[in-house]
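Novice: Sharing a structure here in structure tokens format.
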Amino acid sequence: MENINNRNFGHPISLKYRQNSTFKTTFGGFVTIAFKIGILIYLVFELIKVVDKTYTVTNSMIKRNLFVDNGVYTINEENFDIGFSMYGLSEEQQANLDNYVNITFQQGQFEWSADGKSYTFEGKQLQLGIALNLLIFNQLGKCGRHRFKGEVFQAESIGIPYAYKCPVNFSASLQGSFTTQKMQSARLLISKCNQTNLSLKNQSAKCMNDSMMKNFFDSFQVNVVATNQFIDVNEKQISPIKTVLKNFYATGYHNMSLSYQLKIGQNFLISSTSSLSNQLGQLNQTYYTVRDDVLQVAAQTLSTDLVFINFNMMLDDNVMTTNLELYTISDALSNTGGIIGIVMIIIQFLVSQTQENLYYQQLVQDIFQINKEDSISQNGSPSKSRIIPSEQTLKDKIIQDGYQGSYQKILTFIKN
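Next up, the structure:
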């Protein structure tokens with residue numbers, strides 16, 4: 000018989016109170032209005048974030064495996080720029096700089112042999128526009144105002160258009176590292192004057208003697224300036240990729256060689272431009288950074304042709320990817336919808352008991368009529384002739400208790 004009663008196709012029962020599936024009270028109406036006003040205020044604040052173009056910034060750093068990544072990365076004036084200036088020199092030394100030092104920008108390619116016991120090096124030097132020992136030279140010249148990605152204010156602040164030299168039509172290739180089979184790098188080399196190179200510029204010119212060169216190397220200073228880019232997350236109107244000029248300072252000494260290793264990093268910016276959704280209008284951009292990584296110090300003598308100062312620019316294996324997610328209308332609506340669901344559950348839990356009590360009270364009042372006469376008769380109230388004034392309070396209490404007792408009995412019966 001029990002299995003017969005468990006039917007799947009019974010007629011559904013849906014009871015309504017006064018043609019409504021829910022019981023409506025003034026208390027419930029007040030809570031509903033307050034809830035809707037709160038949600039509206041929350042939505043307004045969310046839309047303000049959209050108007051203000053609020054970003055969510057996510058940075059991720061990965062290591063480029065240079066043993067596997069054999070790609071060649073090209074830097075030029077459009078994405079990276081570099082220049083230098085020398086200080087601490089007398090007017091005579093400044094006027095005859097080529098008679099003291101040989102300064103070159105060099106593109107180098109380094110490769111280990113198959114057995115790892117030897118290596119080969121091939122260079123293309125960026126200096127004079129002539130060929131020497133199978134090395135191609137280009138011209139060094141003053142850094143114009145258009146250099147360093149158009150950062151005119153920064154450039155003029157440190158006197159770049161007046162005192163700095165840059166490689167003309169600068170372009171270099173970067174690949175690998177010293178630990179990989181192949182490596183390409185760019186270098187700024189400052190070495191002792193070489194008579195062969197000097198004669199190609201001016202046949203009558205002569206390199207200074209060792210004593211004068213010693214005084215030169217003990218007093219000169221060099222400052223290298225390079226572009227360094229970063230992400231400005233507070234930029235709302237134009238590109239968030241900003242450029243600053245980074246300085247690398249070195250001092251010379253006649254019996255010391257300094258080698259600086261500068262890492263050029265290729266990084267990525269992924270940003271959204273649509274206020275409707277992050278899935279629309281995504282923009283991928285590349286920016287470049289520079290950092291000093293290693294400084295090597297070695298003994299040196301004026302009798303050799305070794306390099307006194309070397310700024311070696313290599314590929315950085317650190318790759319930063321920045322994701323700028325614009326806060327969109329889709330995000331605002333999604334967050335508001337989520338808040339609605341959560342707040343509704345909380346409010347329903349808090350007011351459910353109160354609403355239930357109000358419903359049953361109203362239901363009892365609509366179905367039953369409980370009067371004080373019934374309560375008096377049920378409690379066996381004495382006749383009026385026996386009531387004395389001092390007993391009036393006790394009578395009222397008996398009547399009230401009887402009334403409430405009948406009311407509570409009906410409520411309990413309906414609920415159960």
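Per numbering that gives the first Met the number 0, the very first residue in the sequence shown carries number 0; after that it's consecutive. For each residue, glycine too, the CB sits at the ideal point set by N, CA and C.
(1) What did DSSP end up calling tyrosine 326 once you bin it into helix, strand or coil?
(2) Rounded to the nearest angstrom, how far is the Cβ of glutamine 180 from that of tryptophan 111, given a contact under 8 Å?
(3) Going by beta-carbon coordinates alone, are tyrosine 41 and leucine 173 separated by less than 7 Å?
(4) When DSSP builds the beta bridges, which residues end up paired with lysine 235?
(5) Taking the alpha carbon of cysteine 251 as the reference point, which residue from Glu155, Gln299, Asn69 and Gly337 has its own alpha carbon closest?
(6) Expressed to the nearest angstrom, what Euclidean distance is found between the alpha-carbon atoms of glutamine 108 and isoleucine 74?
(7) Since I believe valine 306 is in contact with serine 190 (beta carbons under 8 Å), could you give me their beta-carbon distance rounded to a whole number of angstroms?
(8) Is it a yes or a no for the segment 81-92 touching the segment 160-175, going by three-plus beta-carbon pairs under 8 Å?
(9) Can you tell me where the alpha helix (DSSP H) with alanine 249 in it begins and where it stops?
(10) Alanine 185 and glutamine 171 - do their beta-carbons sit closer together than 7 Å?
(11) For lysine 62, which residues of its own chain have a beta-carbon under 6 Å away from its beta-carbon, when the five flanking residues on both sides are left out?
(12) Excluding five sequence neighbours on each side, which residues of the same chain lie with their C-beta closer than 6 Å to the C-beta of glutamine 391?
(13) Determine the DSSP secondary structure at alanine 331, reduced to helix, strand or coil.
(14) What does a CB cutoff of less than 8 Å around alanine 331 pick up in its chain, not counting 5 residues either side in sequence?
(15) What is the rounded straight-line gap between the Cα of glutamate 241 and the Cα of aspartate 231?
(16) Quick check: asparagine 227 and lysine 245, are their CB atoms within less than 7 Å of each other?
(17) With tyrosine 41 as the anchor, note down where its alpha helix (DSSP H) starts and where it stops.
Specialist: On the basis of the supplied data:
(1) coil
(2) 5 Å
(3) no
(4) DSSP, once it has assigned bridges, lists no residue as partnering lysine 235.
(5) The residue asked about is misnamed: residue 251 is glycine in this sequence, not cysteine. Ranking Glu155, Gln299, Asn69 and Gly337 by Cα distance to glycine 251 puts Gln299 first.
(6) 15 Å
(7) 5 Å
(8) yes
(9) Here alanine 249 belongs to no alpha helix (DSSP H); instead the beta strand (DSSP E) covers 240-250.
(10) At residue 171 the sequence reads alanine, which differs from the glutamine that was named. Yes, these two residues count as a Cβ contact at 7 Å.
(11) Asp316
(12) Because the pLDDT of glutamine 391 is 47, which lies under 50, any placement of that residue in the model is unreliable, and the number read from its coordinates should be weighed accordingly. Counting only Cβ-Cβ distances below 6 Å, and skipping sequence neighbours, we find nothing.
(13) helix
(14) Leu42, Glu45, Leu46, Lys48 and Val49
(15) A small fix is needed here, since residue 241 is lysine in this sequence, not glutamate. The alpha-carbon of lysine 241 is positioned some 7 Å away from that of aspartate 231.
(16) The Cβ-Cβ distance between asparagine 227 and lysine 245 falls below 7 Å.
(17) Start and end: 25-50.
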